[in-house]
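Residue numbers (the numbering used here): 75 to 249. Note that the Cβ used here is the ideal one computed from N, Cα and C, for glycine as well. One structure below.
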Amino acid sequence: MYFAALLARTEDGWEASDTELDDVETLSDLADLAREASPEDDTVLLLIEQEDAWFGVVRVDGEEDPRIYVSDAAAAARSSYGEILLTAELLGRELGDNEPDLDALDLDGTEDGEDEDDDAEDGGSAEAVPHGPVGDAEILDDLGVGEKELKSLSADALTEIAESLGASEVLETVR
75 MYFAALLART EDGWEASDTE LDDVETLSDL ADLAREASPE DDTVLLLIEQ EDAWFGVVRV
135 DGEEDPRIYV SDAAAAARSS YGEILLTAEL LGRELGDNEP DLDALDLDGT EDGEDEDDDA
195 EDGGSAEAVP HGPVGDAEIL DDLGVGEKEL KSLSADALTE IAESLGASEV LETVR
């Protein structure tokens, strides 16, 4: 079960709106969705969570590139919405880096078409995405949620973030 909401900072405080991510396929789509929520180029936060597995924050300030924080990259990678947030840049990969690093290949004699154990293949893909937080942990510093606090959030993270921002009541109206 997913929950996603937009929080737009206005002159009068925070405004929340429930948002559907069904038509969102890229980070650019997410950024556009956020920008539509604030015609004044104010700060907009997209808060997304998948039950107790992971949460993400996307921050859009006007026309600047979105800033992203994901609480658990490995959990998010198993989610269609999480995959949108886990860009190559966020994971520390260079764009177009599709070729394997020849120095890192394990040439153990199975490369001639012999199948290795299926578990080894699964383990290799799981290692490609780190367990734990990735992204800009200082994404909410200027809004009162420091890096240490953000990294320590767990089960009800979005509510705790909204509380720190003074937006818990507006977030609860869309929950």
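Beta-carbon gap between Asp95 and Ala108 smaller than 8 Å: One-based indexing of the sequence shown puts residue 95 at position 21. One-based indexing of the sequence shown puts residue 108 at position 34. Reading off the sequence, residue 95 comes out as Leu, not Asp. The answer is no: Cβ separation not under 8 Å.
Of the listed residues Arg152, Gly218, Val144, nearest to Gly206 (C-alpha basis): In the sequence shown, residue 206 corresponds to position 132, counting from 1. In terms of Cα proximity to Gly206, the closest of Arg152, Gly218, Val144 is Val144.
Sequence-distant residues of the same chain with beta carbon closer than 7 Å to Leu224, five excluded per side: Working through the sequence shown from its first residue, we reach residue 224 at position 150. So the list reads Tyr143, Ala211, Leu214, once near-sequence residues are dropped.
Separation of Leu81 from Glu246, as counted between CA atoms: Against the sequence shown, residue 246 aligns to sequence position 172. Against the sequence shown, residue 81 aligns to sequence position 7. For Glu246 and Leu81, the distance between alpha carbons rounds to 11 Å.
Buried or exposed (CB count within 10 angstroms, at least 16 for buried), Pro140: Here residue 140 refers to the residue found at position 66 of the sequence shown. Label assigned to Pro140: buried.
Val244 beta carbon less than 8 Å from that of Ala90: Here the question's residue 90 lines up with position 16 in the sequence shown. Here the question's residue 244 lines up with position 170 in the sequence shown. Result yes, Cβ atoms of Ala90 and Val244 sit closer than 8 Å.
Among Ser112, Asp92, Asp115, Val203, nearest to Ala151 - alpha-carbon criterion: Counted from its first residue, the sequence shown places residue 151 at position 77. In terms of Cα proximity to Ala151, the closest of Ser112, Asp92, Asp115, Val203 is Val203.
Ser27, buried or exposed, once every other Cβ within 10 Å from all chains shown has been counted against 16: With the chain covering 75 to 249 only, the question about residue 27 has no answer from this structure.
Collapsed DSSP secondary structure at Leu80 in the structure displayed: Start at 1 with the first residue of the sequence shown, and residue 80 comes out as number 6. In the structure shown, Leu80 sits in a strand (DSSP, three-state: E or B).
Counted within 10 angstroms of its Cβ, other Cβ atoms place Gly156 as buried (16 or more) or exposed: Here the question's residue 156 lines up with position 82 in the sequence shown. That one is buried.
Proximal residues to Asp146 (C-beta, below 8 Å), its chain only, five neighbours per side dropped: Along the sequence shown, read from residue 1 onward, the residue named residue 146 stands at position 72. Closer than 8 Å at Cβ, skipping near neighbours: Ala127, Trp128, His205, Gly206, Pro207.
Beta-carbon separation (whole angstroms), Leu104 vs Val132, contact threshold 8 Å: Residue 104 sits at position 30 when you count from the first residue of the sequence shown. Residue 132 sits at position 58 when you count from the first residue of the sequence shown. Confirmed, Cβ separation roughly 6 Å.
CA-to-CA distance, Glu114 to Leu101, given in whole angstroms: Taking the first residue of the sequence shown as 1, we reach residue 101 at position 27. Taking the first residue of the sequence shown as 1, we reach residue 114 at position 40. Distance between the alpha carbons of Leu101 and Glu114 is about 21 Å.
Local conformation of Ser236 per DSSP, three classes: Residue mapping note: residue 236 aligns to position 162 of the sequence shown, counting from 1. Correcting the residue identity first, residue 236 is Ala in this sequence and not Ser. If DSSP states are grouped into helix, strand and coil, Ala236 belongs with the helices.
Range of the contiguous alpha helix (DSSP H) that encloses Asp106: As a first step, residue 106 is located in the sequence shown; it is residue number 32 there, counting from the start. Run containing Asp106: 101-110, per the alpha helix (DSSP H) assignment.
Closest Cα partner of Asp216 within the set Ala231, Glu234, Ser238: Here residue 216 refers to the residue found at position 142 of the sequence shown. Considering only Ala231, Glu234, Ser238, the residue with the shortest C-alpha distance to Asp216 is Ser238.
Per-residue DSSP class, three states only, for Ser242: Position 168 of the sequence shown, counted from the start, is the residue given in the question as residue 242. Residue state, collapsed to three classes: helix.
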